[in-house]
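Chains as they are written, first to last, in our numbering: chain A, 252 to 406; chain B, 1145 to 1804; chain C, 103 to 280.
Glycine is no exception: its CB is placed at the ideal position from the N, C-alpha and C atoms.
One structure is given here, and the rest of the page talks about it.
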Amino acid sequence: MRRRAFLLAALAAPLTARAVEPAEMLSDPKLEARARAIGRELRCLVCQNESIDDSGAGLAHDLRVLLRERIAAGDSDAQATQYIVNRYGQFVLLKPPVEPATWALWFGPPALLALAALGTVLFLRRRRPEAMGAPAPLDEAERQRIAQLLGEGDA
Amino acid sequence: MMVELGHFALVLALLLSVAQASLPLYGAARRHLGLMEVGRGAALASFVLVALAFAVLINAYVTSDFSVANVVENSHTDKPLLYKITGVWGNHEGSMVLWVFILTLFGAAVAWFGDNLPPELRARVLAVQGMIGTGFLLFILFTSNPFLRVLPAPANGQGLNPVLQDPGLAFHPPFLYLGYVGFSVAFSFAVAALIEGRVDAAWARWVRPWTLAAWCALTIGIAMGSWWAYYTLGWGGWWFWDPVENASLMPWLAGTALLHTAIVVEKRDTLKSWTILLAIVTFSLSLVGTFLVRSGVLTSVHAFAVDPTRGTFILLLLLVAIGGPLTLYAVRAPALKGGGLFAPLSREGALVLNNLLLACAVATVFLGTLYPLFLDAVGGPKVSVGYPFFNRTFVPLMVPLLLAVAVGPLMAWKRGDLLGALQRMWAAFAVVLVVVVGGLYATKGGPVLAVLGFGLAAWVAMGALTEWAERVRLFRAPPGETLRRVVNLPRSAYGMTIAHLGVAVAVAGFAASAFETESIQTMRAGDTIPIAGFSLEFTGVEPVQGANFNADRGSFLLRRDGALVAELHPERRFFPLHQQTTAKTAIHTNFLADFYLALGDPDGKGGWAVRAYWKPLVPWIWIGAVMMALGGLMSLSDRRWRVGAAARARRAPPVAAPAE
Amino acid sequence: MRRALFLLPVALFLVLAAYFGLALTSGRDPHELPSAMIDKPAPAFTLAGLDGTPGLARASLGGQVAIVNFFASWCIPCRIEHPLLMRLSETLSVPVYGIAYKDRPEDAQQFLAQLGDPYGRVGLDESGRVGIDFGVYGVPETYVIDKAGRIRLRHVGPLTAEAVSNELAPLVKMLGRS
């Protein structure tokens, strides 16, 4: 059943949700804000890479309505999210969970940065003028040759 | 008949590419000038042939020749002419022809404009281009031939996806491909240098203009795609971390790193093997992107229709085109000895930091994009990696990079004075302080990160301006001298300043998205709603007819303080051929903010769903991108890229600070 | 040591290529999602029938192995799989039930009148809520439910002869024996 709600939803901050329809929105702005926040992180399963808030697909609409029902019924954010995850699996979460299967994903970038930074530091140390040692001083013959070459100038 | 000519032209181009790939290489090894010159002729001729094939394909679309299978699948007589033409590259086969067209265009350009290159280097570069061309022409002819006939020819075609019938999107692929494929030149130069066993300052000077040109094009291409998504998708999103978007971002990040590290090779004769690797990696990322879009291993709104044989072919291509050079790198690169030494705190050091952060950024985006694939391939669970991941990993990498962008150009080569540079940036510190404190005060309780983002943008901008001010000795020298310096500053200096300012502008645009206001309503004719200090009045909806669609056209009046600011007409278009509805949003912009309006579904009782947004500074995202590209073009037009200008430069009066 | 570092890029690339090769040859459809409800009890539901005919509820599954097929009159692949379903309902010893997903009763009735009715019972899920409870994300989808009322298999997309002979039929037989 569609509920009719004429509501001014002027929401600042990153809670602008895109395909949400006026008729779906909850009348309590706090609850609606929670629904938006959760909806942004739920994947629309029949679209590629959109959240249910962003997608105009039928399933996205159904899930948005369902989410609001759960929230209005008193579920916490975690409970409402889990309700949907129970039915659709972890795939529906746009933020991958941190578990052994995704450790490489979450810890990869910082580990890579640390490794690369270490390598860079080592590299830079070797490139320092001091590290390479001052060049050996010239001997007399070489000094004269330099003077000669310079004396010839850039004709 | 013409269609067969086009087909034949592609076959001929393939044969020429094979010749281009082999003979000059042999000629360079033997120092045989004649064989080396074959490279130039082959490159020019294969370009002409591919251009011919491309023209034939375009003609088939324009004349709606439905005996050609590709035209049937993607075109229709009712389509407007513009989209008949741009529909040529809106599908897999046609876009591959565009790809090869641009590849041979760049090859021909190197052949035509490469007079100043030593013959062996030029021959090897063209040979590598020829190898790439061979691979892709084989791919087209064996798996993706656009010239296949369908007989008997149907009366009409299946039309182009309505979502793609848009001017912004129509031109997005050519710019993207100019970028992706343009990086092949740097790649060819890198492989040629590995074959020769030598990288020197001159090599870097030759590579830079090609890399710059490709980078500028890719910047514009990505910006166009983002802008199209913004005004089409009905709510003003402009980046989704979609796999194919990421596939364009990665070469861009790597290309940016390459541009900067090539400077170090040119000026200081160091970081050579890293630069070579980066040149190979940048184009490799373009190739991997091609694989991802066309093989079907990833789901994406952008992906073309999938076919596993194509995927396998491209994978083999990748093995040869990427595996080969990387193996060559493993063998030859250790012998590339660098010269310049430098202290960690120096301009070289800053550019090394730049590369470090950009390389980690590429790796992060790569990991996030492909992780679901990796996990699935080894039988793990199916996971989604969406924007929450990228926001938490990519953004923290960009912050130190942006901090360094302001300071780096102020450091001297070889041994810089960081403390001195920071002291010279006192004005920047002051401005940032004002922006952050003022911003926090003005948005009491609002998003803190966004205000810090503004501070970061101000920092980058002030850094660029401080560097410019130093070069022209602003307030330090008599105004006459400053003016003289302003006029005589090399274009590449202005290029850098404008490009870095563009970065600042774009960052401000990104940060401001936290301050959007939104209003989602059901409205009836005559209703007025307030939003962001404006008042929006809905006056009604009327049906209109387009070339191949029917639409409901809404009329809205936007007022501020009673005065009319704009009339807005968002539409909902229905394409009968595809049974698809698309939205056409109405946007009113004053380049400082966008008022964004979309018409939703009718509720059947005279009311319409209306989505209105006020988006401050959002135009700056694309203005910033355009500035970056303009800066790049400005650098490109600098006399320096005409090799041999080095000799002339020594005789020109020394004007501005030596390095840049 | 330094030499080894130069081999790193090509080594990493070969690993990447291997993954791509695996992904290409695995034949796995990236669009297809594994069900999160496997081995979990089928959700409780009570659906009305298509105007006059008796409806479908979890209770009607009655401790028997059953096949539940989600379909819709507006769904084209559903038409493609329909003949196979007709044969299935005749050859298999287990009942085949249908749920009309997000459909109007008249349209669903017309669909069955046109193409034949393979279903022992049909339920009408007009809002799609029962579909969500099953984890449906598109039609057609086919579920195999065991005697204890647990979901044991989900097939996404139209049923094919291979899917039936390789997965569905053997599973049904095994479940029937236990």
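Neighbour list for residue i in chain A, Cβ cutoff strictly below 9 Å
{"i": "B/TYR1515", "result": "PRO347, THR353, ALA355, LEU356 and GLY359"}
{"i": "B/LYS1526", "result": "GLY340, GLN341 and PHE342"}
{"i": "C/PRO136", "result": "GLY340 and PHE342"}
Residues bridged to residue i (per DSSP)
{"i": "B/GLY1274", "result": "Looking at the DSSP assignment, B/GLY1274 forms no beta bridge with any residue, so it has no partner."}
{"i": "B/GLN1724", "result": "B/PHE1719"}
{"i": "C/GLU192", "result": "Note: C/GLU192 sits in no beta bridge, so no partner."}
{"i": "A/ASN337", "result": "A/ASN337 pairs with nothing; no bridge assigned."}
{"i": "C/THR148", "result": "C/ALA159"}
{"i": "C/TYR199", "result": "C/VAL170"}
{"i": "B/MET1667", "result": "B/TRP1752"}
{"i": "B/ASP1696", "result": "B/PRO1687 and B/ARG1716"}
{"i": "B/HIS1176", "result": "Per DSSP, none; premise fails for B/HIS1176."}
{"i": "B/GLU1711", "result": "B/LEU1701"}
{"i": "C/VAL246", "result": "C/ILE169 and C/LEU255"}
{"i": "B/THR1733", "result": "B/ASP1738"}
{"i": "B/TYR1757", "result": "B/GLU1662 and B/TYR1740"}
Whole-angstrom C-beta distance between residue j and residue i, which should lie under 8 Å
{"i": "B/ARG1704", "j": "B/GLY1677", "result": "6 Å"}
{"i": "B/PHE1538", "j": "B/VAL1509", "result": "6 Å"}
{"i": "B/PRO1469", "j": "B/ILE1424", "result": "5 Å"}
{"i": "B/SER1332", "j": "B/ILE1366", "result": "23 Å between Cβ atoms; not a contact."}
{"i": "C/VAL167", "j": "C/LEU277", "result": "5 Å"}
{"i": "B/ASN1692", "j": "B/ASP1222", "result": "4 Å"}
{"i": "B/ARG1491", "j": "B/TRP1557", "result": "5 Å"}
Proximity to residue i [Cα-Cα], best of the options
{"i": "B/ALA1637", "options": "B/GLU1625, B/THR1610, B/THR1661 and B/PRO1623", "result": "B/THR1610"}
{"i": "B/ILE1466", "options": "C/PRO111, C/GLY237, C/GLY123 and C/LEU190", "result": "C/PRO111"}
{"i": "B/MET1606", "options": "B/ALA1574, B/ARG1536 and B/GLY1341", "result": "B/ALA1574"}
{"i": "B/ALA1608", "options": "B/ALA1655, B/LEU1596, B/GLY1552 and B/LEU1584", "result": "B/GLY1552"}
{"i": "B/LEU1541", "options": "A/LEU369, A/ALA398 and A/ALA365", "result": "A/ALA365"}
{"i": "C/PRO185", "options": "C/LEU214, C/GLY154 and C/ARG206", "result": "C/LEU214"}
{"i": "B/GLN1689", "options": "B/LEU1712, B/ARG1716, B/GLN1665 and B/VAL1709", "result": "B/ARG1716"}
{"i": "B/ARG1266", "options": "B/VAL1216, B/GLY1251, B/PHE1280 and B/THR1278", "result": "B/GLY1251"}
{"i": "B/LYS1481", "options": "B/ALA1337, B/ALA1199 and B/TRP1752", "result": "B/ALA1337"}
{"i": "A/ALA362", "options": "B/ALA1707, B/PRO1674, B/ALA1505 and B/PRO1306", "result": "B/ALA1505"}
{"i": "B/VAL1335", "options": "B/MET1555, B/PRO1488, B/GLY1274 and B/HIS1722", "result": "B/GLY1274"}
Contact list for residue i against chain C, beta-carbon separation under 8 Å
{"i": "A/VAL297", "result": "TYR239 and GLY240"}
{"i": "B/LEU1463", "result": "ALA119"}
8 Å Cβ cut-off: residues of chain B touching residue i
{"i": "A/THR332", "result": "Going along chain B, no residue has its Cβ under 8 Å from A/THR332, so there is no contact; the nearest lies around 13 Å."}
{"i": "C/LEU124", "result": "ALA1521 and VAL1522"}
{"i": "C/VAL112", "result": "GLY1467, LEU1470, THR1471, TYR1473 and ALA1474"}
7 Å Cβ cut-off: residues of chain B touching residue i
{"i": "A/ASP305", "result": "TRP1379 and GLY1381"}
{"i": "C/PHE108", "result": "TYR1473, ALA1474, ALA1477 and PRO1478"}
{"i": "C/SER128", "result": "ALA1521"}
Proximal residues of chain C, C-beta to C-beta of residue i below 9 Å
{"i": "A/ASP313", "result": "LYS204, SER229, GLY230, ARG231, GLY233 and ILE234"}
{"i": "B/LEU1633", "result": "Going along chain C, no residue has its Cβ under 9 Å from B/LEU1633, so there is no contact; the nearest lies around 39 Å."}
{"i": "A/LEU317", "result": "ARG231 and ILE234"}
Proximal chain C residues relative to residue i, where beta-carbon distance stays under 7 Å
{"i": "B/ILE1466", "result": "PHE115"}
{"i": "A/ASN337", "result": "ALA138"}
{"i": "B/LEU1397", "result": "Correct list: empty, because the minimum Cβ distance to chain C is about 17 Å."}
{"i": "A/GLY325", "result": "Neighbours of A/GLY325 on chain C: none; closest Cβ ~19 Å, over 7 Å."}
{"i": "A/LEU363", "result": "Residues of chain C passing the Cβ test: none, with the nearest at roughly 12 Å."}
{"i": "A/LEU310", "result": "TYR239"}
Partner residues on chain A for residue i, Cβ-Cβ distance less than 8 Å
{"i": "B/VAL1539", "result": "Those do not exist, as B/VAL1539 stays about 11 Å from chain A at its closest Cβ, beyond 8 Å."}
Within chain A, partners of residue i - CB distance below 7 Å
{"i": "B/PRO1306", "result": "Ordered by position in chain A, no residue passes the 7 Å Cβ test against B/PRO1306, which lies about 14 Å from the chain."}
{"i": "B/PRO1532", "result": "GLU292, LEU345 and LYS346"}
Residue i: contacting residues in chain B (beta-carbon distance under 9 Å)
{"i": "C/ARG105", "result": "ALA1474 and PRO1478"}
Distance cut-off 7 Å: residue i Cβ against heavy atoms of the ligand MN
{"i": "B/GLU1264", "result": "This structure lacks the ligand MN, and indeed carries no ligand of any kind."}
Interface residues of the segment 1639-1667 of chain B facing chain A [CB-CB below 7 Å]: The segment 1639-1667 of chain B vs chain A, Cβ under 7 Å: ALA1658, PHE1659, GLU1660, THR1661, GLU1662, SER1663, ILE1664, GLN1665 and THR1666.
For the segment 269-298 of chain A, which residues have a beta carbon sitting closer than 8 Å to at least one beta carbon of chain C? So the list reads LEU296 and VAL297, given in the order they occur along the chain.
Interfacial residues, the segment 166-180 of chain C to chain B, with Cβ spacing under 7 Å: Going along the segment 166-180 of chain C in chain order, one finds no residue with a Cβ nearer than 7 Å to chain B.
Taking beta-carbon pairs under 8 Å, can you tell me which members of the segment 1355-1380 of chain B lie near chain A? Flagged, chain order: LEU1377, GLY1378, TRP1379 and GLY1380.
Got a sec: which bits of the segment 1694-1723 of chain B sit with their beta carbon under 9 Å from any beta carbon on chain C, in order along the chain? None of the residues of the segment 1694-1723 of chain B has a beta carbon lying less than 9 Å from any beta carbon of chain C.
Against chain B: residues of the segment 367-381 of chain A by CB proximity under 7 Å: From the segment 367-381 of chain A, only ALA367, ALA368, THR371, LEU375, ARG378, ARG379 and PRO380 have a Cβ closer than 7 Å to chain B.
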